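Have a look at the structure below before the remarks.
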Amino acid sequence: MSENLAIIPARGGSRGLPRKNVRLVGGLPLIAHTILAARNARTVSRVVVSTDDSEIAAVAQRFGAQVIQRPAEISGDTASSESALLHALEHLAAQAYRPQLLTFLQCTSPLTEPGDIDGTVAALLEQSADSALAAAPFHHFLWKRDASGNAEGINHDKRFRPRRQDRQEQLVETGSVYVMRVEGFRQARHRFFGKTVVHVIPADRCLEIDDIHGLHIAEAILRRRQQEGRRGVLPARIGAVVFDFDGVFTDNRVYVDDGGRETVACSRADGMGVSMLRRLGVPMLVLSGETSAVVSARCGKLGIECMQGVADKLPALTRWCQGRGIELSSVVYLGNDINDVACLSAVGCGAAVADAHESARMAAHMILSHAGGQGAVRELADMICRHIQEQDDAKRENRAA
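Per the working numbering: the sequence shown ends with 426, consecutive numbering throughout.
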C-alpha cells in the first residue's frame, strides 16, 4: 500500500464564523471530527494539521494529529489551500518523509466518515487516476439570469422537465475529501490534474460549515449519531471503564441533614448500566478525589472497585492499569471536572457528561447527551455494550466465512 499523508489545513482566522475550527459541535471541537475520521481510515498513514493558530494546534495534538506551523504569509484570507499543502510537503520532505499519496481534508466537513476517505483513495488507485474527489448525487435544476434579467436553465432545457430517474447523472463536489499523487501535485500545484475521478458518497454527508446555520445542522446530525453509538472514538478493544463519582454518578449536589450527614442522589439507570458492563466482563474503577462513606456504599452495592481521596488521578490510574496489564489506550474514562482533565486526555477515549466543566469538555473525545446523575453512566454503558456486541458479531461472521 502506498504511503498516504492526510493534511488538514486550518487557519485561525474566520470572518463568517469566528473561531469556527475549535467550536464545539456534536460534543467535539469542529476540527476533531476530521482528525478522527482520518485516523480511523484504513488507507491513511499519517495525519497532519497545518495551522497558524496555537489553540487549533493544541486541539489537533490532543486528538492525535501532528502539527505543522503555517507561516503568516500563507495564512491570510486570500491564501489557497494548495499553498498550505505544498508547504507541509516541503516541511516533511526536509525530514526525509516523502509520501506517494496526499489526502487533503477540509476541517469544515464534520460529517466525513473514514469510509469516505478510503473510498476516494480506492477510486484513484483502482482507476489509475492522478487526482480524485468525493462527490454527492445532485438532482436540482440550476438557473441563472441573462444580461436582460431573464431566467435561463444552466443544467437543463427549460422546455423539458424530465423525471429524476431519466436525467443524466450529475454530481456536486462535497468539499470534504481530495486525493492526489504527490509528484503530480507538486508539478501542477493544484488539486485537480491529469486524470480525475470521483467517489460518490451519500448526499446527507455533504455539509460544509461556513456559518452558524451550518453549525446547528451539523450539531443535530452529530448528536443523533452519538446517541446511536456511531461515533468512532471508542477504542477497538475496551480494556477498562473508569469513572469519577461526584458529578458523574451524582448530579454534583450534596444534601446535608440536621445531623450533618451527607446524602446524594444517584440514578438507578446508571446502576443497570454498570451491571451490563460487569456481565460482559469489563473491568471497572471509580476514581474519586473526595473521601466519603457515600462513595464507598454506592460502589460496594454496584460491585465496583473504588479509589478515594486521590488528588492526582492520572498517576493513580496509570498504576492501576499497569498492575492489571491494561493499556491506557484501551481505557474509557468518564469525568466532569478540572481534576479529570489529565485522565481524559491520556486514555483511549475520554468522555464527559453533558453538564461537565468546560475544561473537561475540551479535553474529552466525546460529550454525552445526559448529565451527571441523570443517566450519563447508562448512556456510556449502552454505547460500549453495542460496540462490544458489534465486534462479537463481526468475529462470528469471519469465522463462518
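Ideal Cβ placement from N, Cα and C applies to all residues, glycine included. None of the values given here were measured: they were computed from a predicted structure.
Mapping the DSSP letters down to three states, classify residue i as helix, strand or coil.
i      : result
Lys420 : helix
Asn29  : strand
Ser106 : helix
Ala261 : coil
Gly178 : strand
Arg255 : At Arg255, the pLDDT of 47 sits below 50, so the modelled position is not reliable; the number obtained from the coordinates is stated separately. Here Arg255 sits in coil by DSSP.
Gln190 : helix
Ser39  : coil
Glu233 : coil
Val267 : strand
Ala118 : helix
Gly239 : helix
Ser79  : helix
His215 : coil
Cys410 : helix
Arg434 : This structure cannot speak to residue 434, because the chain is shown only from 26 to 426.
Gln443 : For residue 443 there is no data in the structure shown, the boundaries of the chain being 26 and 426.
Phe274 : coil
Gln152 : coil
Arg44  : coil
Gly144 : helix
Arg250 : helix
His112 : helix
Phe210 : helix
Ser384 : helix
Arg184 : coil
If you check the beta carbons only, do residue i and residue j fall under 9 angstroms apart?
i      : j      : result
Asp1   : Arg230 : Any answer about residue 1 is impossible in this case: the structure gives the chain only from 26 up to 426.
Ile246 : Leu240 : no
Leu302 : Cys374 : no
Val319 : Val289 : yes
Cys410 : Leu327 : no
Gly398 : Ala381 : no
Gly348 : Gly334 : no
Ile392 : Ala406 : no
Val47  : Ile60  : no
Asp236 : Gly41  : yes
Val92  : Ala57  : no
Val357 : Cys346 : no
Gln131 : Ile33  : yes
Asp283 : Asn277 : no
His224 : Ala160 : yes
Glu330 : Met309 : yes
Asp362 : Ala389 : no
Phe129 : Ala213 : no
Phe217 : Leu158 : yes
Leu339 : Asp269 : no
Ser394 : Arg248 : yes
Tell me, please, which residues DSSP counts as bridged to residue i.
i      : result
Phe129 : Ile32 and Tyr203
Glu244 : In the DSSP output, where bridge partners are listed per residue, Glu244 has none listed.
Val279 : Its beta-bridge partners do not exist; DSSP assigns none.
Thr137 : DSSP lists no partner for Thr137.
Arg170 : Ala176
Leu158 : Tyr203 and Val223
Val92  : Val74
Glu287 : Val281
Ile392 : Ala377
Leu196 : Pro162
Nearest chain D C-beta to residue i closer than 9 angstroms, yes or no?
i      : result
Val279 : Protein chain content of the structure displayed is limited to a single chain, and chain D is not contained in it.
Please confirm whether any heavy atom of the ligand NAP lies closer than 8 angstroms to the CB of residue i.
i      : result
Gly306 : Ligands in the displayed structure: none, and consequently the ligand NAP is not present.
Item to check | 4 or more residues per run - each alpha helix (DSSP H) lying fully within the region 46–76 | outcome: Counting whole runs of 4 or more residues, the region 46–76 contains the alpha helix (DSSP H) stretches 55–64.
Checklist entry - Are at least three pairs of beta-carbons, each pair with one atom in the region 175–186 and one in the region 264–280, less than 8 angstroms apart? => result Between the region 175–186 and the region 264–280, the count of Cβ pairs shorter than 8 angstroms is below three; the stretches do not touch.
Checklist entry - Should the region 166–175 be regarded as contacting the region 91–110, the criterion being three or more beta carbon pairs within less than 8 angstroms? => result Output reads no: the region 91–110 does not touch the region 166–175.
Checklist entry - Is there contact here, the region 203–210 with the region 149–160, by at least three beta-carbon pairs under 8 angstroms? => result These segments touch.
Checklist entry - Three or more C-beta pairs closer than 8 angstroms, one from the region 32–40 and one from the region 68–83: is that the case here? => result Verdict: yes, contact present.
Checklist entry - Does the region 95–108 come close enough to the region 55–68 to have 3 or more Cβ pairs within less than 8 angstroms? => result No: fewer than three Cβ pairs fall under 8 angstroms.
Checklist entry - Going along the chain, which unbroken runs of the alpha helix (DSSP H) with 4 or more residues stay wholly within the region 341–375? => result DSSP runs (the alpha helix (DSSP H)) wholly in the region 341–375: 366–371.
Next on the checklist: Does the structure place the region 186–196 close enough to the region 117–127 that three or more beta carbon pairs sit under 8 angstroms?
Outcome noted: When C-beta atoms of the region 117–127 are compared with those of the region 186–196, fewer than three pairs fall below 8 angstroms, so the two segments do not count as touching.
Item to check | Segments of 3+ residues assigned as beta strand (DSSP E) that fall wholly inside the region 289–350 | outcome: Annotation note: the region 289–350 contains the following uninterrupted beta strand (DSSP E) runs of length 3 or greater, listed N- to C-terminal: 309–312 and 330–332.
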